[in-house]
Amino acid sequence: AQSVTQLDSHVSVSEGTPVLLRCNYSSSYSPSLFWYVQHPNKGLQLLLKYTSAATLVKGINGFEAEFKKSETSFHLTKPSAHMSDAAEYFCAIGTASKLTFGTGTRLQVTL
Amino acid sequence: EAQVTQNPRYLITVTGKKLTVTCSQNMNHEYMSWYRQDPGLGLRQIYYSMNVEVTDKGDVPEGYKVSRKEKRNFPLILESPSPNQTSLYFCASSFGLRPYEQYFGPGTRLTVT
């Protein structure tokens, strides 16, 4: 079975500093991986996706993620955090019939 | 505007009283799915549908029913709600038969007392 593990339930950064949200995956074949963001009282929105093309994937709002097969990781990064980035972030892995989500990482951005 | 709508957004009900949460999408998507979100557990899939009249169980289907009689609608039915079904529910849809790039509704917060 395919799964993802988000290594941090909560990450706090200062505005203007880099963001790193970690996700490891488990899959017996080449996975399709996703990052979704959920702002307070909102539904989830797709940030970016990896589907076996370029290993460095760029998403919306300056986020990017790198697929590393040797480390089974798909970490989400952003060079400089903004207050509006405060939200919950979910890593997900896709199969033929569904997405399986991680437990989420809440990103706090402080002044 | 392309969107997934859910109704109601908030619902408080009592144990055993049947309820339906509606979901509708205007993007002509084949795939639709229901999730529940609970603190510390992320999103877990309840049911999904690949197309009209084609539905299947997700990871946590117990206590729920769904139907897909029209492509745009995918209601979630709780025949006899219990307090452990208190949760935040999301409907989602995507183009084609693979559940990638899912579009999510705004959520329905259900409380069962």
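For the protein sequence lines, the chains are A and B, in the order given. Taking our numbering, the leading residue of the first sequence gets 1, the next gets one more, and so forth. Taking our numbering, the leading residue of the second sequence gets 1001, the next gets one more, and so forth. Virtual Cβ for every residue (Gly too), placed ideally from N, Cα, C. This structure is a prediction, so every number in the text was calculated from the model and none was measured.
Going by the DSSP bridge assignment, what does residue i pair with across the sheet?
i: residue 966 (chain B); result: Examination of residue 966 (chain B) is not possible in this model, given that chain B is present from 1001 through 1113 alone.
i: residue 89 (chain A); result: A:37, A:105
i: residue 26 (chain A); result: A:3
i: residue 1056 (chain B); result: B:1048
i: residue 60 (chain A); result: DSSP output for residue 60 (chain A) lists no bridge partner at all.
i: residue 1042 (chain B); result: B:1038
Leaving out five residues on either side along the sequence, give the residues of the same chain with a beta carbon under 7 Å from the beta carbon of residue i.
i: residue 66 (chain A); result: 55, 56, 75
i: residue 1037 (chain B); result: 1043, 1087, 1088, 1090
i: residue 86 (chain A); result: 107, 108, 109
May I have the straight-line CA-CA distance separating residue i from residue j, to the nearest angstrom?
i: residue 1061 (chain B); j: residue 30 (chain A); result: 28 Å
i: residue 1021 (chain B); j: residue 1065 (chain B); result: 11 Å
i: residue 1057 (chain B); j: residue 100 (chain A); result: 14 Å
i: residue 38 (chain A); j: residue 45 (chain A); result: 6 Å
i: residue 34 (chain A); j: residue 1046 (chain B); result: 20 Å
i: residue 1113 (chain B); j: residue 1085 (chain B); result: 10 Å
i: residue 63 (chain A); j: residue 1018 (chain B); result: 43 Å
i: residue 1094 (chain B); j: residue 1078 (chain B); result: 24 Å
i: residue 1048 (chain B); j: residue 79 (chain A); result: 37 Å
i: residue 1082 (chain B); j: residue 1096 (chain B); result: 34 Å
i: residue 61 (chain A); j: residue 6 (chain A); result: 21 Å
i: residue 1101 (chain B); j: residue 97 (chain A); result: 13 Å
i: residue 1006 (chain B); j: residue 43 (chain A); result: 11 Å
i: residue 1073 (chain B); j: residue 1109 (chain B); result: 19 Å
i: residue 1032 (chain B); j: residue 16 (chain A); result: 38 Å
i: residue 48 (chain A); j: residue 70 (chain A); result: 21 Å
i: residue 40 (chain A); j: residue 1014 (chain B); result: 27 Å
i: residue 1092 (chain B); j: residue 1025 (chain B); result: 8 Å
i: residue 1012 (chain B); j: residue 72 (chain A); result: 42 Å
i: residue 21 (chain A); j: residue 1063 (chain B); result: 34 Å
i: residue 1030 (chain B); j: residue 1008 (chain B); result: 23 Å
i: residue 1052 (chain B); j: residue 77 (chain A); result: 39 Å
Taking the alpha-carbon of residue i as reference, which of the options has the nearest alpha-carbon?
i: residue 52 (chain A); options: A:85, A:84, A:94; result: A:94
i: residue 1034 (chain B); options: B:1041, B:1014, B:1059; result: B:1059
i: residue 1054 (chain B); options: B:1070, B:1107, B:1041, B:1039; result: B:1070
i: residue 27 (chain A); options: A:8, A:68, A:40; result: A:68
i: residue 1104 (chain B); options: A:59, A:32, A:36, A:58; result: A:36
i: residue 1040 (chain B); options: A:8, A:32, A:83, A:84; result: A:8
Going by beta carbon distance, what residues of the same chain come within less than 6 Å of residue i, once the five residues before and after it are set aside?
i: residue 104 (chain A); result: 88, 90
i: residue 4 (chain A); result: 23, 25, 91, 93, 102
i: residue 1080 (chain B); result: 1016
i: residue 1027 (chain B); result: 1002
i: residue 10 (chain A); result: 106
i: residue 1010 (chain B); result: 1109
i: residue 32 (chain A); result: 51, 94
Could you name the residues of the same chain whose beta carbon sits closer than 8 Å to that of residue i, not counting the 5 residues immediately before and after it, in chain order?
i: residue 1075 (chain B); result: 1020, 1021, 1022, 1023, 1066, 1067
i: residue 13 (chain A); result: 19, 81, 107, 108, 109, 110
i: residue 83 (chain A); result: 15, 109, 111
i: residue 1050 (chain B); result: 1030, 1031, 1056, 1097
Exercise for review: Would you list, in chain order, the members of the region 1042 to 1057 of chain B that have their beta-carbon closer than 8 Å to a beta-carbon of chain A?
Suggested key: Those residues of the region 1042 to 1057 of chain B placed with their C-beta closer than 8 Å to a C-beta in chain A are 1042, 1043, 1044, 1045, 1048, 1050, 1056, ordered along the chain.
Check your understanding: If you measure beta-carbon to beta-carbon, which residues of the region 1084 to 1096 of chain B are closer than 8 Å to chain A?
Key -> Per Cβ criterion, the list reads 1090, 1092.
Review point. If contact means a Cβ-Cβ distance below 7 Å, which residues of the region 1099 to 1111 of chain B contact chain A?
Key: Taking 7 Å as the Cβ-Cβ cut-off against chain A, the residues of the region 1099 to 1111 of chain B that qualify are 1099, 1100, 1101, 1102, 1104, 1105, 1106, 1107.
Exercise for review: Using a Cβ-Cβ cut-off of less than 7 Å, list which residues of the region 83 to 102 of chain A approach chain B; keep chain order.
Suggested key: Residues 90, 94, 96, 97, 98, 99, 101, 102.
**Study point:** Chain-ordered residues of the region 23 to 48 of chain A with a beta carbon less than 9 Å from chain B
**Key:** The region 23 to 48 of chain A vs chain B, Cβ under 9 Å: 32, 34, 36, 38, 41, 42, 43, 44, 45, 46.
**Study point:** Residues, ordered as in the chain, of the region 48 to 61 of chain A that lie near chain B by beta-carbon distance below 9 Å
**Key:** Answer in chain order: 49, 51.
Review point. Between the region 1062 to 1073 of chain B and chain A, which residues of the former have a C-beta closer than 7 Å to a C-beta of the latter?
Key: Of all residues in the region 1062 to 1073 of chain B, none has a Cβ within less than 7 Å of some Cβ in chain A.
Review point. Closer than 7 Å, Cβ to any Cβ of chain A: which residues of the region 1003 to 1022 of chain B, in chain order?
Key: Within the region 1003 to 1022 of chain B, no residue qualifies.
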